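Single-structure report; data block below.
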Amino acid sequence: MTLAWLLALLSLATPAWAQVDFSGEWAPRFWEDQPERVPGPDLGDYLGIPINAAARMRGDTWDAAIQTLPEWQCRPHMADYIWRGPSNLRISKEVDPVSRTVTAFHAEWLRSVDRVVYLDGRPHPPEGALHTWAGFSTAKWEGDVLTVTTTHLKEGYLRRNGLPRSDKATLVEHWMRRGDFLTVVAIVTDPVYLAEPFIRSTDYELNIHQQVPPYPCGVVAEIDRPRGVIPHLLPGTNPYLHEFSDEYKIPFDAVRGGPETMYPEYREKLKAAGNAR
Numbered sequence: 531m532t533l534a535w536l537l538a539l540l541s542l543a544t545p546a547w548a549q550v551d552f553s554g555e556w557a558p559r560f561w562e563d564q565p566e567r568v569p570g571p572d573l574g575d576y577l578g579i580p581i582n583a584a585a586r587m588r589g590d591t592w593d594a595a596i597q598t599l600p601e602w603q604c605r606p607h608m609a610d611y612i613w614r615g616p617s618n619l620r621i622s623k624e625v626d627p628v629s630r631t632v633t634a635f636h637a638e639w640l641r642s643v644d645r646v647v648y649l650d651g652r653p654h655p656p657e658g659a660l661h662t663w664a665g666f667s668t669a670k671w672e673g674d675v676l677t678v679t680t681t682h683l684k685e686g687y688l689r690r691n692g693l694p695r696s697d698k699a700t701l702v703e704h705w706m707r708r709g710d711f712l713t714v715v716a717i718v719t720d721p722v723y724l725a726e727p728f729i730r731s732t733d734y735e736l737n738i739h740q741q742v743p744p745y746p747c748g749v750v751a752e753i754d755r756p757r758g759v760i761p762h763l764l765p766g767t768n769p770y771l772h773e774f775s776d777e778y779k780i781p782f783d784a785v786r787g788g789p790e791t792m793y794p795e796y797r798e799k800l801k802a803a804g805n806a807r
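The working numbering numbers the first residue of the sequence shown as 531 and each following residue consecutively.
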């Protein structure tokens, strides 16, 4: 009887389930897509991205000098893109003082705003509600995986070479922790610029000596240009679109992107086309 009572007391002192703790200081690990993330993708490189014609046109007319505009200089990355940056990450948890349950996680990067991920079951706001860089995020547990759904994102970009992402996009993330390693799988669905969902995974490693520093940002005149000028290229006038395919000897049609270029079967198509020549 004494052992039975002891086991009963232990069961009361133990949580009903064990949820993964994502809080901590996380350092990015560039094991995936390192050239894309640092220094960034080449102009005209849309290979393997399920874009549609509208996104392709936006990418073709993009001018990197747009990032020198005052409105862009201190602009934070969006919730879907910030994972791909070189910035360190801090995740903290918000705990209800009475129930002691985790009600939210807060994610902060070097160049970002505080992103709150709610776990308290609240609904997403109406479609016309305020859109922000971080969006509105709620999450639920699926075993040890935290699945996060984000809406209400401001318009942003899929890559740093002009491929856009609209404010109608939704983001679904799967956060997975294995010991000192954090893997995040991000799935972007965009009815405006994507023909199929765009999936990427990113890895971080716990760093107990890390401290994400502040990011004071000041706006300066980087380029002297007439007031009101927005850097861009007219459709059909970009002279740099062939440079990537020429340098790496990739067929130009392949680097134009689209859902077909995501799949292994596309390699066989390229081989067949090469053999036909």
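Think of the CB as a built atom: it goes at the ideal place given N, C-alpha and C, for glycine as much as any other residue.
Only a predicted model underlies this, so the values are computations on that prediction, with no experimental measurement involved.
Residues that residue i bridges to, as DSSP identifies them
i	result
residue 619	556, 639
residue 624	634
residue 733	559, 713
residue 707	712
residue 667	647, 680
residue 687	694
residue 782	Per DSSP, none; premise fails for residue 782.
residue 724	581
residue 672	675
residue 701	680, 718
C-alpha gap between residue i and residue j, whole angstroms
i	j	result
residue 561	residue 733	7 angstroms
residue 749	residue 600	6 angstroms
residue 726	residue 719	7 angstroms
residue 632	residue 677	15 angstroms
residue 731	residue 713	7 angstroms
residue 573	residue 747	27 angstroms
residue 568	residue 628	44 angstroms
residue 698	residue 721	7 angstroms
residue 581	residue 770	19 angstroms
residue 794	residue 728	16 angstroms
residue 723	residue 589	11 angstroms
residue 789	residue 563	19 angstroms
residue 613	residue 737	17 angstroms
residue 549	residue 706	11 angstroms
residue 543	residue 630	Interpretation of residue 543 is limited by its pLDDT of 44, a score under 50 that renders its predicted location unreliable; no figure is taken from the coordinates.
residue 802	residue 796	10 angstroms
Whole-Å CB distance - residue i paired with residue j, under 8 angstroms assumed
i	j	result
residue 598	residue 753	5 angstroms
residue 786	residue 586	6 angstroms
residue 693	residue 609	Contact doesn't hold; Cβ gap of about 17 angstroms is too wide.
Inset, instruction - Please list the segments of the alpha helix (DSSP H) lying wholly inside the segment 735-779, counting only runs of 4 or more residues, in order along the chain. - result: 773-778
Legend entry - Cβ contact check for the segment 636-647 and the segment 663-676: 3 or more pairs under 8 angstroms: yes
Legend entry - Three or more C-beta pairs below 8 angstroms linking the segment 550-566 and the segment 614-629: yes
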